Each structure stands twice: as C-alpha cells, then as structure tokens.
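Residue numbers (UniProt numbering): 1 to 115.
Below, the structure is given as structure tokens:
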C-alpha cells in the first residue's frame, strides 16, 4: 500500500477500487495474525465531534501495530483558542505521521489537508 503514503484521504472517493481491495486484503491479513507490523508511527486524534467508538478503534488499532496516539482535544489546544487552522495544520504536519480528524465542517478538513 505504498501508493497511499503521503496522501490525504478525505473520503472513500479518494481511493481507487484497487486501493480499496488492497486495504481490505491487508485488514484481513492483520486480523488473521498473518502480518507482524511494527509501524512506530504517531497518530494524532483531533476530534471536534465527540466519538467513543471512532476514538477507541483508532487508538486500539494504532497500539496493536506498535504506534503511539496523541489526543489533541481542541478545547485544550491552540486551535480551540482561535489559532488559525492553517497554523495548526502546519505544526501538526511536522510532528505527526498520521492525523485523524472528526469535524463538523468538510471545509475545515480540506484546509488541514492542504497544509
């Protein structure tokens, strides 16, 4: 799945049919214990909308493959205090390998992806 590296995935439409099939094959292999993955990556979770299942599933998945998770609660970060999204996006891009965002506004997601 090297073709996905460095890409911004804002929705299923950003993937080709082959990429989706490849991800499903990879998921099946991971679930069956056929892959020993140690990713050593850092995932940031920036959730403007509350979510138990999404937050827990992303966190557990990252820990299971050897990654780390940072909870970026908007109320406890500069973005929640009015810092422009562009500035926050640029900073997070330097520190995180992956950023998962749950937001009310598609435009906000697109702005993060742009920077």
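C-beta: ideal position from N, C-alpha, C; glycine also.
The model shown is predicted, which means the values in this text are computed figures rather than measured ones.
For residue i and residue j, which I take to be in contact (beta-carbon distance under 8 Å), what is that distance rounded to the nearest angstrom?
i: residue 112; j: residue 85; result: 6 Å
i: residue 96; j: residue 44; result: 4 Å
i: residue 118; j: residue 100; result: No answer is possible for residue 118: it lies beyond the span of the chain, which begins at 1 and ends at 115.
i: residue 41; j: residue 67; result: 5 Å
Under the rule that 16 or more other beta-carbon atoms within 10 Å means buried, what is residue i, buried or exposed?
i: residue 89; result: buried
i: residue 20; result: exposed
i: residue 46; result: buried
i: residue 92; result: buried
i: residue 72; result: buried
Can you tell me whether residue i is helix, strand or coil according to DSSP?
i: residue 47; result: strand
i: residue 98; result: strand
i: residue 71; result: strand
i: residue 106; result: helix
i: residue 25; result: helix
In terms of DSSP beta bridges, what is residue i paired with?
i: residue 42; result: 68
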